[in-house]
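Chemist: Chains A and B, in that order, are what the protein sequence lines are. Each residue of the first sequence is one higher than the one before, counting from 1 in this note's numbering. Each residue of the second sequence is one higher than the one before, counting from 1001 in this note's numbering. A virtual CB, placed ideally from N, CA and C, is assigned to each residue, including glycine.
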Amino acid sequence: MATVQRSRRSRASVRATGAVVAAVLAAVAALAGCSSTGGKRAEEARDQAASGKANVTTPRWKIAMVTHSGDGDTYWDIVQSGAKQAAAKDNIEFLYSHDKEAGRQAQLVQAAIDKKVDGLIVTLAKPSAMKNVVRKAVKKGIPVVTINSGQEVSSAYGALTHIGQDEQTAGEAVGKELNRRGREKAVCLLHEQGNVGHEQRCDGIRKTFDGKVEDLYVDGTNMPGVQSSVEAKLQSDKKVDTVVTLGAPFAATAVQAKQDAGSKAEIDTFDLNSKVATGLKDGSIGFAVDQQPYLQGYQSVDLLWLYRYNADMLGGGKPVLTGPQILTKKDAGKLEEFTKRGTR
Amino acid sequence: MTAAAPAGSPAGPSGSAPGDGGGPAPDGSADERLVHRSLPARLMRRPELGAVVGAIALFVFFSLVADSFLRASSLSTVLYFSSTIGIMAVPVALLMIGGEFDLSTGVMVTSSALVSSMFSYQMTANTWVGVGVSLLVTLAIGFFNGFMLTRTKLPSFIITLGTFLMLTGLNLGMTKLISGTVTTKSISDMEGFDSARAVFASTLTLGGVDVQITVVWWLALIVLATWILLRTRAGNWIFAVGGGVDAARAVGVPVGRTKIGLYMGVALAAWISGQHLLFNYDTVQSGEGVGNELIYIAAAVIGGCLLTGGYGSAVGAAVGAFIFGMANKGIVYAQWNPDWFKFFLGAMLLLATLLNAWIRKRAEVTR
């Protein structure tokens, strides 16, 4: 009896679910859905990303890049696309791996050594944890280039050169730009608590900026949380006339928070993406300071190729800086196009 | 277990509100359902009482220490943040009353937003088509969770931990595969965007105060969930399966169907949150949402849900979300040293929960 009842019920529920699915599908079909604006079609129309074909006759060398990136980080995505572009041109097999925890990142470097790569690109976000394994690679005769972070220790660990931007210097550049714009009180928006690079950026601003700088920590994985925290800050302290975000995705959110809070604060940001480019263009974002991630990826691969092919090293082993580059409204036009295809 | 009564009469007249608890049947005395109780006594037995007291305490506290906290615009900000948590916390509370967990909720919100955005973009379709497809996909994820749970009989902790990890990977992998980057492309210039934005991410002005539409969604969900819990047969089933699965099954409660329904309810809310995320920010970061599932569970627990199931309320979860929102933003309004932010947050949540537990215990003693 019970089973009969249950089966009748489940049949009824299947029928009910089916009806709901059909109704939703019908609704979707009724909208008959095409958009005459935007979307993939528009992208294809403007797509002109460079194509990849080897232009050299050197053997297929293997180069590994190991970074401290977390999952799904826009920034490292651009570094990778730069590296891949160089790899395509230089006939290089490009291997990428990442882990935001220093211990596991070191293991990934070890794995690359075990694979007998012909070149190694690493980031040294937490230098002391990477020291041994990088030295090991150098001892095995693998040419190492460090990128992005670890400028101070790069050559001491035996790397050929370092390509990147000094976070402190970038912060200082922002501080100077804020002075030039006559700002008085800035909020430095940190979206990852305990990230050394982020602290250095805010410290850099504090060093050169004549006004006051306050830190605000938010949880970068919760956008509404970021927005409401910035809103709260702007509502509670009316003297704040600038918000500096440390990552591009948070700039647009800060703009929204500012509008909702009815504040006149200027939003400035580190790094770049297509929404920041659009923001620069329409004036909702004051300036962006970019460290050119594409260049960090492209140059590191290309330099290793040059080193293997011709024993060349740009800068004679001194750090090669890719930033800070201050971008304003006047740069926005072409940036918009390049950010949309994911190379800036 | 305090709510044993509904389990005994799952299909009975729904007049007796299961949220009132019921408690162990007194020996020999008259039927406890017929005993008349005074209003304060009845109030003391509500599961959300502790949370309400905690919320009032926190509200008074921040009104005193943060002078900008009491402004209408500030409260609207707090309400907005609370609503983004509350929309999820309400169905999560229902699920927990039904005796199960869902760890995949945080990333499911992101999945829902990603599906909607990428479908519209890649197909160059009206954004409403993407919204509809996203609804189907998200409900399917919820159904998967519930179906796996009822079929395999494994703990929901394990099943949804699996879904959580899989969705985290899928979010990233699929976005990268389809969009080429870890962020979706902007769909703000596509047809249907403005109307969808009006539904999911607009701002209403009520008496000079801006209120985000998520607050309306939140309130609607609270009303719907409370009605289901207290006025329908499904509500009785939810309390019954959470109170004791075997007893519930023995009296003919469709346990599997109830649990699958609860997971699909969570998915529905994840869809609403996901669409808000998409239409508010117009692009979606594929790595977002990780960690939020614990906040939803925390809000439900602060609001009086038992981790063991069978007890709790939708209103309580909403108040729990409000407590979380107040604590989170209150620290900013009070301009406390941000280095200690997370510590204050944790301490405040612990205090709220302790207060909640203490009041509930007192309520049970005075019964």
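1) Taking only beta carbons into account, state which residues of the region 1259-1282 of chain B come closer than 8 Å to chain A, listed in chain order.
2) Which residues bound the alpha helix (DSSP H) around H198/A?
3) Would V1284/B pass as a contact of T1181/B if the rule is Cβ separation under 8 Å?
4) How would you list, in chain order, the residues of chain B whose beta-carbon sits under 9 Å from the beta-carbon of T146/A?
5) Let me know if P59/A comes out buried or exposed under the rule of 16 or more other beta-carbons within 10 Å of its beta-carbon.
6) Looking at V1092/B and T1084/B, is the spacing between their C-beta atoms short of 8 Å?
7) Put G1023/B into one of helix, strand or coil per three-state DSSP.
8) I need the DSSP call for L1070/B, collapsed to helix, strand or coil.
9) Should K139/A be listed as close to the ligand GDP, given that the test is whether its C-beta is under 7 Å from any heavy atom?
10) Is there a Cβ from chain B that is less than 8 Å from the Cβ of Q347/A?
11) Cα separation between P319/A and E93/A?
12) Please say whether V1109/B and T1273/B have beta carbons closer to each other than 8 Å?
13) Helix, strand or coil for G220/A, going by three-state DSSP, please let me know.
14) Nearest to A252/A by CA position, among K239/A, K281/A and S236/A, is which residue?
15) Nearest chain B C-beta to N310/A closer than 8 Å, yes or no?
16) Ends of the beta strand (DSSP E) at G1175/B?
17) Considering only the alpha carbon of each residue, which of N91/A, V243/A and Q235/A lies closest to G262/A?
18) Could you give the residue range of the beta strand (DSSP E) that holds Y96/A?
19) In the structure shown, what three-state DSSP assignment does K1185/B receive?
20) Report the three-state DSSP secondary structure of F1062/B (helix, strand or coil).
21) Out of curiosity, what's the CA-to-CA distance linking E1293/B and W61/A?
22) Taking Cβ positions, are S229/A and V1199/B nearer each other than 8 Å?
23) Quick one: which chain B residues come within Cβ less than 7 Å of E231/A?
24) Is there a Cβ of chain A sitting closer than 8 Å to that of T1084/B, yes or no?
25) From the DSSP output, in three-state form, read off W61/A for me.
26) Would you kindly work out how many angstroms separate the C-alpha atoms of D203/A and T1308/B, rounded to a whole number?
27) Report back the beta-carbon spacing between L1103/B and F1157/B to the nearest angstrom; my notes put them in contact at under 8 Å.
28) Identify, in the order they occur along the chain, each residue of the same chain with its Cβ nearer than 6 Å to the Cβ of G220/A, setting aside the five sequence neighbours on each side.
29) Which of the residues in the region 246-257 of chain A, read from start to end, lie with their CB under 7 Å from any CB of chain B?
30) If you run the structure through DSSP and keep just helix, strand and coil, what is G70/A?
31) Would you mind reading off the limits of the beta strand (DSSP E) that contains K288/A?
32) Please tell me whether Q48/A has its Cβ less than 8 Å away from any Cβ of chain B.
33) Does the beta-carbon of L303/A have 16 or more other beta-carbons within 10 angstroms, so that it is buried, or is it exposed?
34) What is the rounded straight-line gap between the Cα of A49/A and the Cα of V1215/B?
35) Beta-carbon within less than 8 Å of K329/A's beta-carbon, same chain only, minus the 5 sequence neighbours each way: which residues are those?
Modeler: Taking the coordinates as given:
1) H1276, L1277, N1280, Y1281 and D1282
2) V196 to T208
3) no
4) In chain order: nothing, as chain B lies at least about 23 Å away.
5) exposed
6) no
7) Low per-residue confidence applies at G1023/B: pLDDT is 43, beneath 50, and the placement is therefore not dependable, though the value from the model is reported in the following sentence. Coil, per DSSP.
8) coil
9) Ligands are entirely absent from the displayed structure, and the ligand GDP is therefore not among its contents.
10) As shown, chain A starts at 1 and ends at 344. That puts residue 347/A outside it, with no answer to give.
11) 25 Å
12) In the sequence on display, residue 1273/B carries Ser and not Thr. Yes. Within cutoff.
13) coil
14) K281/A
15) no
16) The sequence as given places Thr at residue 1175/B; Gly does not occur at that position. Unbroken run through T1175/B is the alpha helix (DSSP H), S1156 to S1179; no beta strand (DSSP E).
17) Q235/A
18) I92 to H98
19) coil
20) helix
21) 44 Å
22) no
23) T1077
24) yes
25) strand
26) 47 Å
27) 7 Å
28) H191 and E192
29) P249, A252 and T253
30) coil
31) Reading the sequence as shown, one finds Ala at residue 288/A and not Lys. Run containing A288/A: I285 to D290, per the beta strand (DSSP E) assignment.
32) Low confidence applies here, because Q48/A scores a pLDDT of 45, under 50, leaving its location unreliable and the question unanswered by this model.
33) buried
34) The predicted model places A49/A with a pLDDT of 46, which falls under 50 and marks its position as unreliable; any figure quoted below should be read in that light. Cα to Cα, the separation comes out at about 43 Å.
35) L280, K281 and G283
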